[in-house]
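These protein sequence lines are chains E and G, in that order.
Heads up: the first sequence at position 88 corresponds to 87 in numbering that gives the first Met the number 0, and the numbers run straight through without jumps.
Heads up: the second sequence at position 76 corresponds to 75 in numbering that gives the first Met the number 0, and the numbers run straight through without jumps.
Built from N, CA and C at the ideal position, the CB exists for glycine as well.
There are 2 protein chains.
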Amino acid sequence: MARMFTIGQVAKAAGVPAKTIRYYEDAGVLPRTARSVNGYRQYGDREVDCIRFVRRARGLGLSLEQVRKLTAVLHGDSGTRMRPILRALVGTQLSAVRQHRGELRLLQRQLEDVQRRLRRRAPASRNGACRCLER
Amino acid sequence: MARMFTIGQVAKAAGVPAKTIRYYEDAGVLPRTARSVNGYRQYGDREVDCIRFVRRARGLGLSLEQVRKLTAVLHGDSGTRMRPILRALVGTQLSAVRQHRGELRLLQRQLEDVQRRLRRRAPASRNGACRCLER
DNA sequence: GCTTGACCCTCCAGCGACTGGAAGGTTCAT
DNA sequence: ATGAACCTTCCAGTCGCTGGAGGGTCAAGC
């Protein structure tokens, strides 16, 4: 006899707003749940795991589209091996993150530069424009 | 006699799509331009500077809302000094960037971890879940 | 004068990943 | 019986654009 949870309990357990869980279901990253007679969604431990999985993947920066692919493979009854797919996804994501990090490093330096200039001297030019954001 | 440009010329000059310039105007980060008889927007050098300013600020990660505040101060006829405002904005932005960078560093490590595990051993568990995204 | 193509205009819709709220049904405790 | 705290669906809004429809304008070439 499996324990059953309502969406609110699951939301609390997984640390995800109920609204977001419904949205995930609509968006196709979570399978449609069973419903009890009153129409409430019913979740078991397995579903909670699914939600956590999605959350982890999102936390790793995967898009819902990517998660969709992943779960399609995971839950698909075909014998598809998910390892190569996951590998590709993670690889793509990793290079995206590396690039993003590089850009942010640059951005930080620029901001520090602006800050330094702001400390040193008046930033406003005659016509009201601001030299501090000049490049 | 000031030179006048159409939105297309300005777009090219500033490296910003014409569509985006119109959007900026609608969004209130750029002042409404003068129009010539046929209804075309007219831009002068000053307007081009404004657009570039917005672009630079956006490039530094400021939101349009922040840019709006900034330009309100810049173009406001009040004698408001923009330096303290800019300083606050840049400070906020800088700490946001630093935090974001920290998160991304973590994320990168996690992804590399997943990648390492993917290389080493089979990721799928009996029930079809994937241990590689477990934490 | 007429057509062609490159401009310009406004308005409406959509992206992604939610989030908020309205309007209504259910369950449970008091 | 009433109220609070759930649940349901559906619609709208967020941010920063971007694309497209449907139409006006302009300069060049025939």
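Coil, strand or helix - residue i by DSSP
{"i": "residue 33(G)", "result": "strand"}
{"i": "residue 2(G)", "result": "coil"}
{"i": "residue 42(G)", "result": "strand"}
{"i": "residue 15(E)", "result": "coil"}
{"i": "residue 7(G)", "result": "helix"}
{"i": "residue 28(E)", "result": "coil"}
Nonlocal neighbours in the same chain, by C-beta distance under 7 Å from residue i, ignoring five residues either side
{"i": "residue 48(E)", "result": "none"}
{"i": "residue 54(G)", "result": "13 and 15"}
Which listed residue (the options) has its alpha carbon closest to that of residue i
{"i": "residue 37(G)", "options": "73(G), 5(G), 95(G) and 20(G)", "result": "5(G)"}
{"i": "residue 107(E)", "options": "89(G), 116(G) and 107(G)", "result": "89(G)"}
{"i": "residue 59(E)", "options": "115(E), 96(E), 28(E) and 24(E)", "result": "96(E)"}
{"i": "residue 81(G)", "options": "92(G), 69(G) and 53(G)", "result": "69(G)"}
Contacting residues, own chain, Cβ-Cβ under 8 Å from residue i (five flanking each side not counted)
{"i": "residue 57(G)", "result": "63 and 66"}
{"i": "residue 34(G)", "result": "40 and 41"}
{"i": "residue 92(E)", "result": "59, 60, 61 and 65"}
{"i": "residue 11(E)", "result": "none"}
{"i": "residue 16(E)", "result": "10"}
Beta-carbon proximity list for residue i, same chain, < 6 Å, skipping 5 on both sides
{"i": "residue 9(G)", "result": "42 and 47"}
Start-end ranges of the alpha helix (DSSP H) lying completely within the stretch 50-76 of chain E, minimum 4 residues
63-74
For the stretch 97-121 of chain E, list the beta strand (DSSP E) runs that are entirely contained and at least 3 residues long, ordered along the chain.
none
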